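Each residue of the sequence shown is one higher than the last, beginning at 8 in our numbering. C-beta: ideal position from N, C-alpha, C; glycine also. Note that the coordinates shown come from a computational prediction; the quantities given were computed from them, not determined experimentally. Remarks on the structure that follows.
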Amino acid sequence: MLHEYREIITKMKEDGSANAHFLKIFERHNELDDLIEKGESGQIPMDDVEIEKLKKEKLLLKDEAYAEIIKYKKENDL
8 MLHEYREIIT KMKEDGSANA HFLKIFERHN ELDDLIEKGE SGQIPMDDVE IEKLKKEKLL
68 LKDEAYAEII KYKKENDL
């Protein structure tokens, strides 16, 4: 998720600046990514509607995480 911000995300995690909300978003996004991959590959039985629902949730989380990253960048003059 947001690979172009990997350094900032790492910094947020390392220096404790990542709030609990961001960490929850980040974790849930990764869980959804795994579920979607398993659903699409057939490892977990899932129909197209379920997969699309998970993809939409994942996209919303990505937008939310992006907002948190931008806020962190502004607060830390990065």
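Could you spell out the range, first to last residue, of the alpha helix (DSSP H) harbouring residue i?
i: Ile-77; result: 55 to 82
i: Asn-37; result: 27 to 48
i: Ile-15; result: 13 to 21
Quick check on residue i: buried or exposed, where buried means 16 or more other Cβ atoms within 10 Å of its Cβ?
i: Lys-77; result: Here residue 77 turns out to be Ile, not Lys, going by the sequence shown. It counts as exposed.
i: Ala-72; result: buried
i: His-10; result: exposed
i: Lys-80; result: exposed
i: His-112; result: Any answer about residue 112 is impossible in this case: the structure gives the chain only from 8 up to 85.
i: Lys-86; result: Missing from the structure shown is residue 86; the chain here goes from 8 to 85 and no further.
Pick out whichever of the options has its Cα sitting closest to the Cα of residue i.
i: Ile-58; options: Asp-41, Ala-27, Asn-26, Asp-84; result: Asp-41
i: Leu-61; options: Glu-44, Ala-74, Ser-48, Glu-75; result: Glu-44
i: Leu-39; options: Ala-74, Leu-85, Glu-82, Leu-68; result: Leu-68
i: Ile-32; options: Leu-85, Glu-82, Ala-74; result: Ala-74
Is any heavy atom of the ligand MN found at a distance shorter than 7 Å from the C-beta of residue i?
i: Gly-23; result: You won't find the ligand MN in this model; it holds no ligand whatsoever.
(Q) Can you confirm whether the stretch 51 to 64 touches the stretch 15 to 30 when touching is taken to mean that 3 or more C-beta pairs between the two stretches lie within less than 8 Å? (A) Result no; under three Cβ-Cβ pairs closer than 8 Å.
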